[in-house]
Amino acid sequence: MFDGKVVLVTGGTGSFGREFVRTVLERSRPRKVVILSRDELKQYEMAQQFPQQELRFLIGDVRERDRLVTAFNGVDYVVHAAALKHVPIAEYNPLECIKTNVHGAENVIHAAFEAGVKKVIALSTDKAANPINLYGATKLASDKLFVAANNMVGTRETRFAVVRYGNVVGSRGSVVPFFRRLVREGARELPITDVRMTRFWITLPQGVDFVLKSFERMVGGEIFVPKIPSSRITDLAEAAGPGLGHKIVGIRPGEKLHEIMCPIDDAHLTLEFQDHFVLQPSITFISHPDYTRNPIGETGSPVPDGFEYNSGTNPHFLSVPEIRELLEGTP
117 MFDGKVVLVT
127 GGTGSFGREF
137 VRTVLERSRP
147 RKVVILSRDE
157 LKQYEMAQQF
167 PQQELRFLIG
177 DVRERDRLVT
187 AFNGVDYVVH
197 AAALKHVPIA
207 EYNPLECIKT
217 NVHGAENVIH
227 AAFEAGVKKV
237 IALSTDKAAN
247 PINLYGATKL
257 ASDKLFVAAN
267 NMVGTRETRF
277 AVVRYGNVVG
287 SRGSVVPFFR
297 RLVREGAREL
307 PITDVRMTRF
317 WITLPQGVDF
327 VLKSFERMVG
337 GEIFVPKIPS
347 SRITDLAEAA
357 GPGLGHKIVG
367 IRPGEKLHEI
377 MCPIDDAHLT
387 LEFQDHFVLQ
397 PSITFISHPD
407 YTRNPIGETG
417 SPVPDGFEYN
427 SGTNPHFLSV
437 PEIRELLEGT
447 P
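Take a look at the structure:
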């Protein structure tokens with residue numbers, strides 16, 4: 117669907133952006149792929165990695181609405197990946213997190229309307245479901261903004277959707293590179309927050325594939341949630357550092373024992389498809405779309421009352437060997 121089109125990624129020099137650009141260039145022939153981000157060094161390094169003439173690099177911040185309006189000019193599809201997402205840092209810098217994650221979302225929506233963008237997908241997080249930390253709260257607000265934007269389109273063709281998934285294996289600032297570094301430095305034990313802790317896990321290629329498929333599936337207003345496995349933090353530590361001891365350090369500010377992607381309070385809005393869930397909008401749209409059947413012919417059905425997609429009760433848990441296989445190739 118990207119052949120001959122212009123695609124823009126906010127926060128495009130991050131882990132997701134790099135994998136997204138690589139995949140799009142391998143699978144399609146876009147007219148342009150635009151990387152919008154704040155860090156000139158990362159842009160320079162990414163340009164060396166991707167010398168393709170289709171790429172364009174723009175310095176800009178999602179906090180700056182005018183810059184986004186200019187950058188979105190002529191763009192067909194937008195992936196909004198820019199965010200401040202480090203949980204403890206967000207707890208100590210709440211206003212900065214709000215400026216990027218909430219006001220930035222508002223600016224992306226405004227710029228998409230101004231430029232006549234066809235489709236926008238915003239990346240979310242499992243921490244946005246029943247949030248207890250500021251990062252999750254800002255992403256919940258962002259999700260609500262993107263969903264409600266579909267009721268503001270008027271005669272425009274622009275449509276918005278959200279993709280929500282769990283921890284990305286090996287992404288910058290995540291626990292896997294942290295464990296790997298400690299192992300390389302000769303640590304005799306790995307820090308564990310709580311032995312009961314579980315998390316959803318997805319690889320970067322899987323996350324990119326899900327976003328690409330969501331562009332095909334979306335009609336506007338959906339929150340797409342992939343069916344992905346969980347792991348126990350103790351099993352993750354064993355896979356990263358076999359035989360090492362564990363030191364319990366306690367839960368960090370804003371952390372949960374288990375993450376949720378489809379809250380029980382949204383069970384009445386949740387549809388189950390073969391490999392994913394869709395959370396329907398809680399507000400009524402003028403167009404009244406039927407979310408039980410998507411544009412590529414997949415059909416979904418309502419989940420049972422009381423359903424919750426929780427990393428602690430997920431029917432699919434990774435074993436230690438499976439985690440080791442998943443970690444292969446990660447930094």
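At position 159 of the sequence shown the residue is numbered 275 (our numbering), and the sequence of numbers has no breaks.
Virtual Cβ for every residue (Gly too), placed ideally from N, Cα, C.
State buried or exposed for residue i, treating a residue as buried only when at least 16 other CB atoms are found within 10 Å of its CB.
{"i": "Lys-363", "result": "exposed"}
{"i": "Gln-396", "result": "buried"}
{"i": "Phe-389", "result": "buried"}
{"i": "Thr-126", "result": "buried"}
{"i": "His-392", "result": "buried"}
{"i": "Asn-217", "result": "buried"}
{"i": "Glu-135", "result": "buried"}
{"i": "Pro-146", "result": "buried"}
{"i": "Asn-426", "result": "buried"}
{"i": "Asn-189", "result": "exposed"}
{"i": "Glu-301", "result": "exposed"}
{"i": "Phe-294", "result": "exposed"}
{"i": "Ile-151", "result": "buried"}
{"i": "Ile-399", "result": "exposed"}
How big is the Cα-Cα spacing for residue i and residue j?
{"i": "Pro-321", "j": "Tyr-281", "result": "13 Å"}
{"i": "Gln-159", "j": "Pro-420", "result": "46 Å"}
{"i": "Val-341", "j": "Val-279", "result": "6 Å"}
{"i": "Glu-230", "j": "Phe-401", "result": "21 Å"}
{"i": "Thr-186", "j": "Lys-201", "result": "26 Å"}
{"i": "Ala-228", "j": "Val-149", "result": "16 Å"}
{"i": "Leu-328", "j": "Thr-271", "result": "25 Å"}
{"i": "Ile-339", "j": "Lys-243", "result": "14 Å"}
{"i": "Thr-139", "j": "Asp-192", "result": "17 Å"}
{"i": "Ala-163", "j": "Cys-213", "result": "28 Å"}
{"i": "Asn-246", "j": "Asp-259", "result": "13 Å"}
{"i": "Phe-173", "j": "Ile-205", "result": "28 Å"}
{"i": "Ala-221", "j": "Phe-118", "result": "23 Å"}
{"i": "Asp-406", "j": "Lys-121", "result": "27 Å"}
{"i": "Ile-367", "j": "Thr-319", "result": "24 Å"}
{"i": "Leu-171", "j": "Val-123", "result": "10 Å"}
{"i": "Leu-298", "j": "Leu-360", "result": "11 Å"}
{"i": "Lys-215", "j": "Lys-372", "result": "24 Å"}
{"i": "Phe-262", "j": "Asp-381", "result": "20 Å"}
{"i": "Ser-403", "j": "Thr-429", "result": "36 Å"}
{"i": "Ala-277", "j": "Gly-422", "result": "25 Å"}
{"i": "Thr-241", "j": "Lys-255", "result": "7 Å"}
{"i": "Ser-153", "j": "Thr-309", "result": "33 Å"}
Any heavy atom of the ligand PLP closer than 7 Å to the Cβ of residue i?
{"i": "Leu-171", "result": "Annotation note on the ligand PLP: not contained in the displayed structure, which lists no ligands."}
Identify the residues that DSSP records as bridge partners of residue i: which are they?
{"i": "Leu-306", "result": "His-362"}
{"i": "Pro-342", "result": "His-392"}
{"i": "Pro-146", "result": "Paired residues: none, contrary to the question."}
{"i": "Arg-172", "result": "Val-150"}
{"i": "Lys-235", "result": "Tyr-193 and Arg-275"}
{"i": "Phe-378", "result": "It is worth fixing the name first, because residue 378 is Cys in this sequence and not Phe. Paired residues: Tyr-425."}
{"i": "Ile-464", "result": "Any question about residue 464 goes unanswered here, given that the chain covers just 117 to 447."}
{"i": "Ile-318", "result": "Val-284"}
Which one of the options has the shortest CA to CA distance from residue i?
{"i": "Val-349", "options": "Glu-332, Val-311, Glu-375 and Cys-378", "result": "Note that residue 349 is Ile in the sequence shown here, rather than Val. Of the listed residues, the one whose Cα sits closest to Ile-349 is Val-311."}
{"i": "Ser-287", "options": "Val-324, Leu-328 and Val-191", "result": "Val-324"}
{"i": "Ala-383", "options": "Asn-410, Val-365, Glu-424 and Ile-399", "result": "Glu-424"}
{"i": "Val-365", "options": "Thr-254, Pro-307 and Glu-170", "result": "Pro-307"}
{"i": "Phe-76", "options": "Val-224, Ala-197, Val-178 and Gly-370", "result": "The structure shown does not extend to residue 76, since the chain is modelled only from 117 through 447, so no value can be given for it."}
{"i": "Ala-257", "options": "Asn-189, Lys-329, Ala-356 and Leu-239", "result": "Leu-239"}
{"i": "Glu-180", "options": "Phe-262, Asn-267, Ile-225 and Arg-297", "result": "Ile-225"}
{"i": "Leu-141", "options": "Phe-166, Leu-152 and Glu-161", "result": "Phe-166"}
{"i": "Glu-207", "options": "Glu-301, Glu-170 and Tyr-251", "result": "Tyr-251"}
{"i": "Ile-412", "options": "Val-335, Ile-237, Val-203 and Asn-283", "result": "Val-335"}
{"i": "Val-178", "options": "Gln-168, Glu-161, Glu-170 and Ala-199", "result": "Ala-199"}
{"i": "Asn-249", "options": "Pro-379, Gly-370 and Ile-380", "result": "Gly-370"}
{"i": "Gly-357", "options": "Glu-375, Val-291 and His-219", "result": "Val-291"}
{"i": "Glu-161", "options": "Thr-129, Val-137 and Asn-430", "result": "Thr-129"}
{"i": "Asn-283", "options": "Gln-168, Ala-265 and Thr-314", "result": "Thr-314"}
{"i": "Val-233", "options": "Pro-431, Glu-273 and Asn-266", "result": "Glu-273"}
I'd like the list of long-range same chain contacts for residue i, defined as Cβ closer than 6 Å, with 5 residues on each side in sequence excluded.
{"i": "Glu-414", "result": "Phe-389"}
{"i": "Arg-183", "result": "Gly-176"}
{"i": "Asn-410", "result": "Arg-333"}
{"i": "Val-195", "result": "Val-125 and Ile-237"}
{"i": "Asn-267", "result": "Phe-401"}
{"i": "Val-203", "result": "Asn-249, Tyr-251 and Gly-370"}
{"i": "Pro-379", "result": "Ala-245 and Asn-246"}
With a CB to CB cut of under 8 Å and the five nearest residues on each side skipped, what residues in its chain are close to residue i?
{"i": "Glu-156", "result": "Ile-175"}
{"i": "Leu-434", "result": "Trp-317, Pro-345, Ser-346, Ser-347, Asp-351 and Leu-442"}
{"i": "Ser-89", "result": "Nothing in the structure corresponds to residue 89, since the chain is present only between 117 and 447."}
{"i": "Arg-304", "result": "Leu-360 and Gly-361"}
{"i": "Asn-223", "result": "Val-178, Arg-179, Glu-180, Arg-181 and Leu-184"}
Which residues in the same chain as residue i place their Cβ atom closer than 7 Å to its Cβ, once the five residues preceding and following it in sequence are excluded?
{"i": "Glu-354", "result": "Val-436"}
{"i": "Lys-235", "result": "Tyr-193, Arg-275, Phe-331 and Met-334"}
{"i": "His-374", "result": "Thr-314, Asn-426, Ser-427 and Gly-428"}
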